[in-house]
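The structure appears below as structure tokens.
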Amino acid sequence: MITYWEKRIGKINEEIYKDADKYVRDLRKLYEQEINNIDEKIYNHLSKLQEEAGGISLFDAKKLLNDKELDLFKMGLEGFIKKSQGNITPEIERELNIISRRVRISRLQAMEVEIKKTVAGLMSREEKGLFAHLGRTYERRYYKELYELQRITGYDSVRKISKEDLKIILNNPWTSDGREFSERIWERGDKLVNSLKDSLIRNIARGASPEESIKEIQKQFGVSKAAASRLVYTETAAISSKATQDSYKRIGVKKYEILATLDLKTSDICRSQDGKTYDIKDYRVGITAPPFHPNCRTDTIPFFDDNLERQLDKNVGRSARNPKTDKTEIVENINYENWYKKYVMGEKTSKSGYNKNNRTGQTNKVNKDKKELPKTLERFKEHQEKWENNVIRQELSENEIESVSKGIKKLVDSNEYAIRVDSSVLEKILDDGRFKNQFETNTSGGALNAEYRKKATKQLFGVGNKKLSASEREKYDYLGHKNFAEDRRDFSVGQYGNCVVHFDKNKLAGKVTYTIDDSLGFAINNMTVAGDAGNPSACGIRNDRLKDIANLFVNSKNSPNLSDFVEDTSIRYVELQYHGELNADDIKEVCFIEDEGAFVDDRVIKKLKDKGIKVFKMSGDWYEETTVEI
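Numbering-wise (the working numbering), the sequence shown opens with residue 13 and increments by one.
And the structure:
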């Protein structure tokens, strides 16, 4: 028979591990983002090497970068160092500073530095993210255990856990080797860098294709990703166990009992520990208390005599000991939320929020009047219809097409037309009055290959290459969340800039198209045609994924939200293409992300506000973000 405490602790644990599962999903997205970034950079280097030398060899890889390449390399490295100060280890920072002062860099060295930068940035974000997750876990477990215990012992005020308290708790190692979780993360990062460098050199030496090298990089990152997920669950179990210990001590519990999850997966050590009782003074995480091994699911419950256990279901929430009189009294059946407000917060509550501007403009169909259409959309309607007839209707039924159209429309309507820019260029955009595309700036946060992009433009929108000047070409970015913090966590777009810009949808009516995922690779392989954001359809989905994405919408009782859609389809983001002039006056709101290096300049703030643009500032690590309107 399941006891009262087994039920209560089971419920708390369910919440704890639901949060852990969510964090692991976010962590895997972060890994995928960085894998995509490094794949792109290494692929570009190897392709350039192959193009210039007619093949790939170690001899050619050791040739020096030309002046232009060296300048771009140094600019990127110096920007990374500046942005990462205090977030990467002193040893890595010192090593990168030395490299940045070199006057000669080979292509092989440049690729090795890209690996070093990517892994260092990834480990930094993993460390911060895990710290925030474990802090939340400790607080939730500690308070909820106290709540359950006080329902028996009597309600009393509880000192709120401070950030300093959490820092001390989380930095206190629990394993027998005395190492903190952050040390394990950075040690794994060092091993990953070394294995990536070794495999890169090995593949170059044997003349492997860029695709083969990229496949090996993905494999190495996959090993680290699995280890990172395992660490999350193990550390979650450890900090949860520590919170339980502290709550027992706070209330005065004398003994506790080991509670294992008994099934076919249960380890021998957990089976042997199940049901054992220990004195609270002997509580040692990893020895006499869980976790006893990686991915351990064992827990503890307070140990009371059988008579009290039998009374719990009837009396908890109705009577409790008054800590002042030491008498049992009838008390209110207070729920956890009200207990927290009254006994932790002292009934002082505050409302905080951010990004309250949830306006969603009405979307409109692409303007049918060719005289008003941007050059890139002049043939788009006919091009789209041809793709629908020749490809989509060969794969999907009319009902499936309708489900997809409605699902994508809901995604577009309930989210934001967004673009990432760097704070260093925001003032120039305001002064120029318009956004420039990558053909005008000759820069890109991703791959910058003019010929590939021109080929993609033709496939996506049905436009011939020769008729477009640089300024007439489309601009690329993404469909963003209304909530800036969710936007930052969910999408792999950080490399494009440290400011999130949201546009007024009404002002961009008829000028926005979309693709499900990054368009470049699939467009140059003739696998997709863009969809109209104002009148969504099954266009915008690559041809080999039409059926499974249609099934997602057809089988969903409620259309998935943007976060779930990105996760369920394993895409990086919903890409948006902006056509024609994209003006500063089209901006609705801007958010500066300080932890990504955004500089909040008073002069720029004034210029934004003078245009009636709302301005926000975000600070703090993942899951601890604070966003305020300036």
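Just so it is clear, CB atoms sit at the ideal spot from N, CA and C, and this is done for glycine as well.
In this structure, Y29 keeps its C-beta atom at 8 angstroms or more from the C-beta atom of P222. Distance from the Cα of G287 is smallest, within the candidate group N402, K267, M87, for K267.
Taking 8 angstroms as the cut-off, the beta carbon of Y295 is found closer than this to the beta carbon of Q257. If you look at L182, you'll find it isn't in any beta strand (DSSP E); it sits in the alpha helix (DSSP H) that goes 175-182. One alpha carbon belongs to A250, the other to F304, and they sit about 9 angstroms apart. Judged by beta-carbon spacing, F85 lies within the 8 angstroms limit of I117, meaning their Cβ atoms are closer than that value. DSSP places P102 outside any beta strand (DSSP E); the residue lies instead in the alpha helix (DSSP H), whose first and last residues are 102-112. Residue pairing by DSSP places H514 opposite A430, E601 in a beta bridge.
Taking every protein chain shown into account, the CB of K440 has fewer than 16 other CB atoms within 10 angstroms, so this residue is exposed. Three or more beta-carbon pairs separated by less than 8 angstroms link the segment 167-187 to the segment 351-358, which places the two stretches in contact.
About 20 angstroms separates the beta carbon of D633 from that of K237, a gap too long to meet the 8 angstroms contact definition. When DSSP states are grouped into helix, strand and coil, P314 belongs to the strand group.
With contacts defined by Cβ atoms closer than 8 angstroms, I21 and I226 do not form a contacting pair.
It is roughly 27 angstroms from the alpha-carbon of E397 to the alpha-carbon of A482. Annotation for N563: no residue places its beta carbon closer than 7 angstroms to its own, counting only its chain and skipping 5 residues before and after. Taking a contact as a CB-CB distance under 8 angstroms, the pair S211 and E228 counts as one, their CB atoms being some 5 angstroms apart. Of all alpha-carbon atoms in N538, E601, Y585, the one lying nearest the alpha-carbon of L42 is that of Y585.
Take the alpha-carbon of F316 and the one of K203: they are about 48 angstroms apart. A distance of 8 angstroms or more separates the beta carbons of G592 and K94.
Closest in C-alpha terms to E103, from the list G201, E587, G506, G445, comes G201. Per DSSP, M135 lies in no beta strand (DSSP E); the unbroken alpha helix (DSSP H) holding it starts and ends at 119-165. A straight line joining the alpha-carbon of T453 with that of N402 spans about 37 angstroms.
Per DSSP, E269 lies in no alpha helix (DSSP H); the unbroken beta strand (DSSP E) holding it starts and ends at 267-271. Of all C-beta pairs linking the segment 61-75 to the segment 154-162, fewer than three are shorter than 8 angstroms, placing the two stretches out of contact. Proximity of the segment 49-67 to the segment 108-126 meets the contact definition, three or more beta-carbon pairs being nearer than 8 angstroms. In this structure, D516 sits away from A430, with a CB-CB distance that is not shorter than 8 angstroms. For the 8 angstroms CB-CB criterion, T310 and A272 form a contact.
Using a Cβ distance threshold of 8 angstroms, H395 and G509 do not count as a contacting pair. Collapsing the DSSP output to three states places G445 in coil. Secondary-structure assignment with DSSP links Y490 through a beta bridge to A430, E587. Within its own chain, the residues whose Cβ lies closer than 8 angstroms to the Cβ of N538, once the five positions on either side in sequence are excluded, are Q471, listed in chain order. Its Cα nearest to that of L442, the residue V616 stands out among V616, N78, Y635. Nearest to V437 by alpha-carbon distance, out of D280, F604, V131, is F604. Burial state of D444 is exposed, judged by a 10 Å Cβ sphere holding fewer than 16 other Cβ atoms.
Looking at the DSSP output, L76 sits in a beta bridge with S118. Checking the DSSP bridge columns, you'll see E641 partnered with F628.
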